[in-house]
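Using the working numbering, the first residue of the sequence shown is number 35, and each one after it goes up by one.
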Amino acid sequence: MRRNHYTLTFLPLIFFFLINVSEVWAWGQTGHRAVAQVAENHLSKKAKKELENILGDSSYLPMVSTWMDDIKSDKKYSFMYSWHYINIDEGETFETIERSPKGDIVKAVDEMIAILEDENASKKKKGMAIKVLTHLIGDLHQPFHVGRKSDLGGNKVKVTWFGKPSNIHKVWDSEMLKSKELSYTEVALYVDRTTEDEVKRLQSASTIEMMNESSELANKYYSNIGDGKLGYRYLYDHYGVLEERIKIAGIRLAGILNKAFA
């Protein structure tokens with residue numbers, strides 16, 4: 035009876051934890067997997083072969099795209115916590131901000147690219163670099179992962195989403211995607227429409243240029259939440275931007291991997 039009492043006591047807490055873990059995932063599972071699926075669509079044959087060689091049965095990018103969120107509760111990877119974002123207040127630039135001594139998304143992306151391009155790096159090291167990059171390129175294209183330090187990238191900017199308490203970071207991470215009730219393959223199918231010239235242009239961007247895009251968008255969307263009661267109108271006005279960011283992230287991720295394994 036005592037054992038059952040403890041089980042009944044803690045089950046609600048466990049259930050609450052499992053529900054809310056998904057709410058702190060950047061882009062949510064759907065967004066990250068959609069980015070990875072777009073990347074899959076643009077991988078070269080050689081890159082796909084190298085991914086299979088390094089990751090084996092886990093070489094399908096959507097499978098590894100949420101790894102960095104999956105391991106957040108493992109203290110062994112606590113050094114990666116600050117890799118998901120970079121703080122840039124309005125009026126600041128990459129050159130003027132105070133960088134985190136624990137690292138940030140720009141530093142992490144560049145370091146992972148360097149590992150993939152290093153012929154002497156071990157298969158294990160390259161495997162982790164692929165998992166990290168697949169996730170972080172998605173994060174880097176979510177505007178509020180390049181948000182203000184004062185409000186934790188929009189996490190402290192309280193709004194309601196269809197009448198329920200939320201924040202602007204969460205709206206862009208997962209709320210808009212959830213409202214569409216689409217699978218990641220459906221999202222990827224709808225967004226991945228582009229020309230060869232556009233692909234080349236998008237893949238020419240540096241990590242800092244990617245960051246600057248998101249910073250500009252974050253500043254724009256900080257200022258247009260009105261009374262904070264967000265719903266159908268906000269979804270209608272902004273979902274297209276979110277789709278575009280997913281598409282661009284996927285195309286750029288593919289470009290990075292194709293170049294690394296050329």
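No residue lacks a Cβ here, since even glycine has one placed at the ideal position from N, Cα and C. A quick note: this is a predicted structure, and the numbers were derived from the prediction, not measured.
Counting C-beta neighbours from all protein chains within 10 Å, is the total for residue i 16 or more, i.e. buried, or is it exposed?
{"i": "residue 266", "result": "exposed"}
{"i": "residue 215", "result": "exposed"}
{"i": "residue 35", "result": "Note that residue 35 scores a pLDDT of 43, beneath 50, so its modelled location is shaky and nothing firm can be said."}
{"i": "residue 160", "result": "buried"}
{"i": "residue 121", "result": "buried"}
{"i": "residue 238", "result": "exposed"}
{"i": "residue 83", "result": "exposed"}
{"i": "residue 226", "result": "buried"}
{"i": "residue 109", "result": "exposed"}
{"i": "residue 240", "result": "exposed"}
{"i": "residue 107", "result": "exposed"}
{"i": "residue 296", "result": "exposed"}
{"i": "residue 74", "result": "buried"}
{"i": "residue 249", "result": "buried"}
Find out if the Cβ-Cβ distance for the pair residue i, residue j is shorter than 7 Å.
{"i": "residue 137", "j": "residue 112", "result": "no"}
{"i": "residue 93", "j": "residue 168", "result": "no"}
{"i": "residue 236", "j": "residue 279", "result": "no"}
{"i": "residue 263", "j": "residue 194", "result": "yes"}
{"i": "residue 68", "j": "residue 218", "result": "yes"}
{"i": "residue 177", "j": "residue 252", "result": "yes"}
{"i": "residue 288", "j": "residue 77", "result": "yes"}
{"i": "residue 283", "j": "residue 175", "result": "yes"}
{"i": "residue 149", "j": "residue 119", "result": "no"}
{"i": "residue 170", "j": "residue 191", "result": "no"}
Between the options, which has its C-alpha nearest residue i's C-alpha?
{"i": "residue 297", "options": "166, 73, 205", "result": "The structure shown has nothing for residue 297, since the chain only spans 35 to 296."}
{"i": "residue 132", "options": "275, 260, 183", "result": "183"}
{"i": "residue 95", "options": "256, 174, 222", "result": "222"}
{"i": "residue 62", "options": "211, 177, 227", "result": "211"}
{"i": "residue 213", "options": "146, 89, 268, 88", "result": "268"}
{"i": "residue 65", "options": "201, 281, 290", "result": "281"}
{"i": "residue 87", "options": "70, 290, 157, 75", "result": "157"}
{"i": "residue 208", "options": "276, 141, 230", "result": "276"}
{"i": "residue 201", "options": "101, 261, 247, 71", "result": "261"}
{"i": "residue 246", "options": "228, 128, 89", "result": "128"}
I need the boundaries of the beta strand (DSSP E) containing residue i, first residue and last residue.
{"i": "residue 298", "result": "Residue coverage of the chain in this structure runs from 35 to 296, which leaves residue 298 outside it and unanswerable."}
{"i": "residue 201", "result": "198-201"}
{"i": "residue 192", "result": "192-195"}
List the endpoints of the continuous alpha helix (DSSP H) containing residue i.
{"i": "residue 140", "result": "139-151"}
{"i": "residue 108", "result": "That residue, residue 108, is in no alpha helix (DSSP H); it is neither H nor E in DSSP."}
{"i": "residue 20", "result": "Not covered by the structure: residue 20. The range shown for the chain is 35 to 296."}
{"i": "residue 67", "result": "62-75"}
{"i": "residue 129", "result": "Unbroken run through residue 129: none, as it is neither H nor E."}
{"i": "residue 95", "result": "95-98"}
{"i": "residue 82", "result": "79-89"}
I'd like the ranges of any beta strand (DSSP E) spanning at least 3 consecutive residues and lying wholly in the stretch 210-248.
none
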